[in-house]
Amino acid sequence: MTGYRFHPEARAELVGATDWYGGCPDVSTDFAAAVQAAIERIVRFPRAYARWPGVENAEVRRCVLRRFPFVIVYAIESDEIVVLAIAHTSREPGYWARRLQD
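Under this note's numbering, the first residue of the sequence shown carries the number 599, and numbering increases by one thereafter.
Okay, structure coming up:
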C-alpha cells in the first residue's frame with residue numbers, strides 16, 4: 599500500500615468526534631492521536647484486522663479503537679486504503695455501506 603485517503607463523510611465524522619471531545623482538550627488530543635496511530639497500523643498491516651461480515655464486492659475491514667468507542671471502517675483497494683467511516687459503536691452497523699459506491 600502506498601497510503602490512504604478519507605471518504606469525505608469519514609473525514610467529517612472524524613472532525614465531529616474530535617470536536618465533541620473538545621470540551622476536554624487532553625481527551626480530544628488523545629482521540630486524534632489514537633485514530634492516527636490506528637491508521638498507521640492499518641496502512642502497514644491492512645489485513646491484520648477483521649473483515650466486515652456481509653460485504654461481498656469489496657475487501658472491507660474494521661479496526662476497533664481501544665480507548666474510545668469508535669471503529670475505523672476501511673476498504674483495501676489495489677493501491678491505497680480508503681477510510682470509509684469513523685463510526686461510533688452505537689451507530690447502526692453498515693450505515694456507511696453506500697460509501698463503497700463513491
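Where a beta carbon is used, it is the ideal one built from N, C-alpha and C, also for glycine.
Per the DSSP secondary-structure output, H605 pairs with nothing in a beta bridge. In the assembly as shown, V662 is an exposed residue. Its beta-carbon has fewer than 16 other beta-carbons within 10 Å.
A608 is not a Cβ neighbour of I679, given a cutoff of 8 angstroms. Per DSSP, V653 lies in no beta strand (DSSP E) segment and is marked neither H nor E. Measuring C-alpha to C-alpha distances from T627 to each of A646, R665 and A648 identifies R665 as the nearest. Under the three-state reduction of DSSP output, L682 falls in the strand class. As DSSP reads the structure, F666 sits in no beta bridge.
Taking the CA atoms as reference points, A648 sits about 32 angstroms from G621.
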